[in-house]
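Residue numbers (the working numbering): 329 to 816.
Ideal Cβ placement from N, Cα and C applies to all residues, glycine included.
These figures come from a predicted structure and were not determined experimentally.
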Amino acid sequence: MNRTASEEIRARKRRRTVSCDCLPIPEIGHDCLHQQASITPPEPSFKLSLDNTLQAETEWSQRAQSIAAWVCNTSESPPPCQLPPANNDSPVLEAMSSESSRFRDVKAKIRRPRSCSPTKKSSQYRNTLLKPARIRVDVVHNIPANVAALLPHRLRNDIPDTIDTLHEEGNDDVSPDLDAIANNYLEECRELAGKPGSEPAYRMILYDKVIKILARHPPWRRTLSDNISDKLWNVSLKPPLPPPVVLPQTWIPLLPNHALLKPTQDMRFVESTQNSFDSNVERVRPDHRTFDTANPPFSPEPSESSTSSHLDSMLSTPKPDITVGISPDVFRPSHEGMLKAWQADNIVLSDPHTQLGDMRFPFLVIETKGLATDSNMIGAQNQAAGGGTCALRALESFEAQMLGVATVPRIVFSVTTEGALHELWVHYRIIEGEDVHYHMTCLGAWRTTLSRHANDFVSAIASIFQWSVDVYFQQIEQALDIVLRGGS
Numbered sequence: 329m330n331r332t333a334s335e336e337i338r339a340r341k342r343r344r345t346v347s348c349d350c351l352p353i354p355e356i357g358h359d360c361l362h363q364q365a366s367i368t369p370p371e372p373s374f375k376l377s378l379d380n381t382l383q384a385e386t387e388w389s390q391r392a393q394s395i396a397a398w399v400c401n402t403s404e405s406p407p408p409c410q411l412p413p414a415n416n417d418s419p420v421l422e423a424m425s426s427e428s429s430r431f432r433d434v435k436a437k438i439r440r441p442r443s444c445s446p447t448k449k450s451s452q453y454r455n456t457l458l459k460p461a462r463i464r465v466d467v468v469h470n471i472p473a474n475v476a477a478l479l480p481h482r483l484r485n486d487i488p489d490t491i492d493t494l495h496e497e498g499n500d501d502v503s504p505d506l507d508a509i510a511n512n513y514l515e516e517c518r519e520l521a522g523k524p525g526s527e528p529a530y531r532m533i534l535y536d537k538v539i540k541i542l543a544r545h546p547p548w549r550r551t552l553s554d555n556i557s558d559k560l561w562n563v564s565l566k567p568p569l570p571p572p573v574v575l576p577q578t579w580i581p582l583l584p585n586h587a588l589l590k591p592t593q594d595m596r597f598v599e600s601t602q603n604s605f606d607s608n609v610e611r612v613r614p615d616h617r618t619f620d621t622a623n624p625p626f627s628p629e630p631s632e633s634s635t636s637s638h639l640d641s642m643l644s645t646p647k648p649d650i651t652v653g654i655s656p657d658v659f660r661p662s663h664e665g666m667l668k669a670w671q672a673d674n675i676v677l678s679d680p681h682t683q684l685g686d687m688r689f690p691f692l693v694i695e696t697k698g699l700a701t702d703s704n705m706i707g708a709q710n711q712a713a714g715g716g717t718c719a720l721r722a723l724e725s726f727e728a729q730m731l732g733v734a735t736v737p738r739i740v741f742s743v744t745t746e747g748a749l750h751e752l753w754v755h756y757r758i759i760e761g762e763d764v765h766y767h768m769t770c771l772g773a774w775r776t777t778l779s780r781h782a783n784d785f786v787s788a789i790a791s792i793f794q795w796s797v798d799v800y801f802q803q804i805e806q807a808l809d810i811v812l813r814g815g816s
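Shown next as structure tokens:
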């Protein structure tokens, strides 16, 4: 201990002592007495006395306890983040922060689960939701005679050469130029087929080159109303799903042999998960109580698998790509007033949209798909099945107000497309006992890159528009007249 002060300082630096006041210091004053303690604990040295060593270890233990207490407090209530003071590196830091945020947003979008979109449906949707709702797609291939009698004349026998027939039965001065419309549509479909287009492209050419032109044909334009607004329909029009089967509380599940455990003295009981009593997944009861297999736990909430969602258990609300119905302007004021009153009271939803527009009683819904891996015909068919069923239910509610004294239309149509492939469907009801089944049967299919197919498709749409003006609207108007006269 006879070393000089400078030698002592060098020795302390080599040993990385906790503080300079932990070592014996000569009486010579030195500002190292006020030096802050080091973070690392002292390494025991044979030159330290026992008292100084114990003192150093005690101080380190107190510091460690203080740090541990600070960590616990921080984890419970973390302090607010404070930005560092601005300096010359601020632009660089801001750029790095912006880039980091951008990558976080990209990762979040990639990891975000796919929403339940009504535009992408599979055969599983048809079996699990459409079928329980009594919606039957392509089940009946031979249309019942009473339904076939309601079809337009030109659609009753395998779609004959309807362009020639339409010109023969109608006046050439007022008949639309179906040949020109079909040829224009043919060229557009061939161009898109050469360079596969997206769904909006196919939807727009079908609307612009066929639907809009025919709907605005002078003899029909006052009666018909069309839109391509992709507007959401009223959920009240969807058919109700059957109520779920609720098992009684006294129901005893049948467990497999490996799930039946015999109790032991020091063993905690396990139970199968509540969602599936025959599951191999087990969990330990946190309260250490015995699980009574004779009275399994009961929950009023329906069970739900980890991969399902609330939207997956419901029918998609229709939102057709293209819709054609009756224009409100064609109704007399008394008729329109009655329809508005029924609409306000939710009795007859003649306008199917959630936001009321310029359409009553839609009779044609169109669902289009492009040439993409995530779009297919079965998805378009499922969407059309929902839209056609809701259109039938609007007519069904209208028929309920007639009390059997008037005839109300009982069929509507839909078109489904996948690229150049086009299908025409008719929707109708079949009553079996107390159950109403909504059927959808195919009337024809075409590939509109072929000249004859394009002609037949355009003429089929024209015949439906002609039927809607001559038959569909006339039946609705006559039924409203009977209601206004008090049912006589």
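- Message: When you compare the CB positions of K697 and E746, do they come within less than 8 Å of one another, or not?
- Response: Locating residue 697 in the sequence shown gives position 369, counting from the first residue. Locating residue 746 in the sequence shown gives position 418, counting from the first residue. Result yes, Cβ atoms of K697 and E746 sit closer than 8 Å.
- Output the distance between the C-alpha atoms of A708 and C400, rounded to the nearest integer angstrom. Counting from 1 along the sequence shown, the entry for residue 708 is found at position 380. Counting from 1 along the sequence shown, the entry for residue 400 is found at position 72. Computed Cα separation, rounded: 57 Å.
- Task: Locate the beta strand (DSSP E) running through K566, then write down its first and last residues.
- Result: The sequence position of residue 566 within the sequence shown is 238, counting from 1. Where K566 is concerned, there is no enclosing beta strand (DSSP E), given that its DSSP letter is neither H nor E.
- Item | Buried versus exposed call for L569 [16 or more other C-beta atoms within 10 Å across all chains shown] | Position 241 of the sequence shown, counted from the start, is the residue given in the question as residue 569. Taking every protein chain shown into account, the CB of L569 has fewer than 16 other CB atoms within 10 angstroms, so this residue is exposed.
- Query: Where does L699 sit, in a helix, a strand or coil, going by DSSP?
  - Reply: Here the question's residue 699 lines up with position 371 in the sequence shown. Looking at L699 - three-state DSSP - the assignment turns out to be coil, as it is neither helix nor strand.
- Message: Less than 6 Å between C-beta atoms, sequence neighbours within five positions excluded: which residues of the same chain meet that for F793?
- Response: Within the sequence shown, numbered from 1, the residue matching residue 793 stands at position 465. If we look at F793 and ignore the five residues flanking it on each side, its Cβ neighbours are L542 and W548.
- Spatially closest choice to Q711 from T651, E516 and Q671, by CA coordinates: On the sequence shown, residue 711 is found 383 positions in, with the first residue counted as 1. The shortest C-alpha separation from Q711 is found at T651.
- Taking the beta strand (DSSP E) that I810 falls in, what are its first and last residues? By 1-based counting over the sequence shown, the position of residue 810 is 482. Segment F801 to L812 is the alpha helix (DSSP H) holding I810; no beta strand (DSSP E) there.
- Residues sharing a beta bridge with C718, DSSP: As a first step, residue 718 must be located in the sequence shown, where it is residue number 390. According to the DSSP secondary-structure assignment, C718 is paired through a beta bridge with no residue.
- Query: For R738, which of D657, L749, S796 and D673 has the nearest alpha-carbon?
  - Reply: The sequence position of residue 738 within the sequence shown is 410, counting from 1. Put simply, of D657, L749, S796 and D673 the residue whose alpha carbon is nearest the alpha carbon of R738 is S796.
- Message: Once DSSP output is grouped into helix, strand and coil, what is the label at R738?
- Response: For the purposes of this step, residue 738 is identified with residue 410 of the sequence shown, where counting begins at 1. Under the three-state reduction of DSSP output, R738 falls in the coil class, being neither helix nor strand.
- Express the C-alpha separation of G814 and A477 in angstroms, rounding to a whole number. Within the sequence shown, the letter at position 149 stands for residue 477. Within the sequence shown, the letter at position 486 stands for residue 814. Put simply, the backbone Cα of A477 is about 29 Å away from that of G814.
- Message: Whole angstroms are fine: how far does the CA of A529 sit from the CA of A748?
- Response: Indexing the sequence shown from 1 puts residue 748 at position 420. Indexing the sequence shown from 1 puts residue 529 at position 201. Approximately 12 Å between the Cα atoms of the pair.
- Sub-8 Å separation of L458 and A782 beta-carbons: Along the sequence shown, one-based indexing puts residue 458 at 130. Along the sequence shown, one-based indexing puts residue 782 at 454. No, the Cβ-Cβ distance between L458 and A782 is not below 8 Å.
- Item | Residue environment, H681, which counts as buried when at least 16 other CB atoms sit within 10 Å | For the purposes of this step, residue 681 is identified with residue 353 of the sequence shown, where counting begins at 1. Its Cβ being crowded by 16 or more others within 10 Å, H681 is buried.
- Message: By the three-class DSSP mapping on this structure, what secondary structure does R688 have?
- Response: Locating residue 688 in the sequence shown gives position 360, counting from the first residue. The answer is strand: DSSP assigns R688 an E or B state.
- Any idea what DSSP makes of G772, helix, strand or coil? Taking the first residue of the sequence shown as 1, we reach residue 772 at position 444. Here G772 sits in strand by DSSP.
- Helix, strand or coil for T651 per DSSP? Translated into the one-based positions of the sequence shown, residue 651 becomes position 323. Residue state, collapsed to three classes: strand.
- Message: Please state the DSSP three-state secondary structure of H469.
- Response: Locating residue 469 in the sequence shown gives position 141, where the first residue counts as 1. Coil at H469, not helix or strand.
- C-beta atoms of F691 and G715 nearer than 8 Å: Residue mapping note: residue 691 aligns to position 363 of the sequence shown, counting from 1. Residue mapping note: residue 715 aligns to position 387 of the sequence shown, counting from 1. No, these two residues do not count as a Cβ contact at 8 Å.
- Query: Out of curiosity, what's the CA-to-CA distance linking L723 and Q671?
  - Reply: Residue 723 sits at position 395 when you count from the first residue of the sequence shown. Residue 671 sits at position 343 when you count from the first residue of the sequence shown. Whole-angstrom Cα-Cα distance: 13 Å.
- Message: Taking only three categories from DSSP, how would you classify L752?
- Response: As a working mapping, residue 752 is identified with position 424 in the sequence shown. It is a strand residue.
- Query: If you draw a straight line from the alpha carbon of A734 to that of M666, how long is it in whole angstroms?
  - Reply: If you number the sequence shown from 1, residue 734 lands on position 406. If you number the sequence shown from 1, residue 666 lands on position 338. Their backbone Cα atoms lie some 16 Å apart in a straight line.
- L552 lies in the beta strand (DSSP E); which residues open and close that run? Stepping through the sequence shown from its first residue, residue 552 is reached at position 224. Run containing L552: L552 to N555, per the beta strand (DSSP E) assignment.
- When the distance is taken between beta carbons, is T777 closer than 8 Å to C517? The residue given as residue 517 occupies position 189 in the sequence shown. The residue given as residue 777 occupies position 449 in the sequence shown. Their beta carbons are under 8 Å apart, which means C517 touches T777 by this criterion.
- Under 7 Å Cβ to Cβ from P648, same chain only, skipping five residues before and after it: list those, please. Taking the first residue of the sequence shown as 1, we reach residue 648 at position 320. Here the set comprises V693, I694, E695 and G715.
- How long is the line joining the alpha carbons of A397 and T386, rounded to whole angstroms? In the sequence shown, residue 397 corresponds to position 69, counting from 1. In the sequence shown, residue 386 corresponds to position 58, counting from 1. If you take the alpha carbons of A397 and T386, they lie about 17 Å apart.
- Task: In angstroms with no decimal places, state the Cα-to-Cα distance between H767 and P546.
- Result: Here the question's residue 767 lines up with position 439 in the sequence shown. Here the question's residue 546 lines up with position 218 in the sequence shown. Within the model, the alpha-carbon separation for H767 versus P546 is close to 33 Å.
- Query: Name the DSSP beta bridge partners of W561, please?
  - Reply: Position 233 of the sequence shown holds residue 561. Its beta-bridge partners are H681.
- Query: Of the choices D505, D679 and Q729, whose alpha-carbon is the least far from that of D809?
  - Reply: Here residue 809 corresponds to residue number 481 of the sequence shown, with the count starting at 1. Among D505, D679 and Q729, the Cα nearest to that of D809 belongs to Q729.
- Message: According to DSSP, is D673 part of a helix, a strand, or is it coil?
- Response: The residue labelled residue 673 in the question sits at position 345 within the sequence shown. Correct three-state label for D673: coil.
- On the three-state DSSP scale, how would you describe E527? Here residue 527 is taken as the residue at index 199 of the sequence shown, counted from 1. The three-state reading of DSSP puts E527 in helix, counting H, G and I together.
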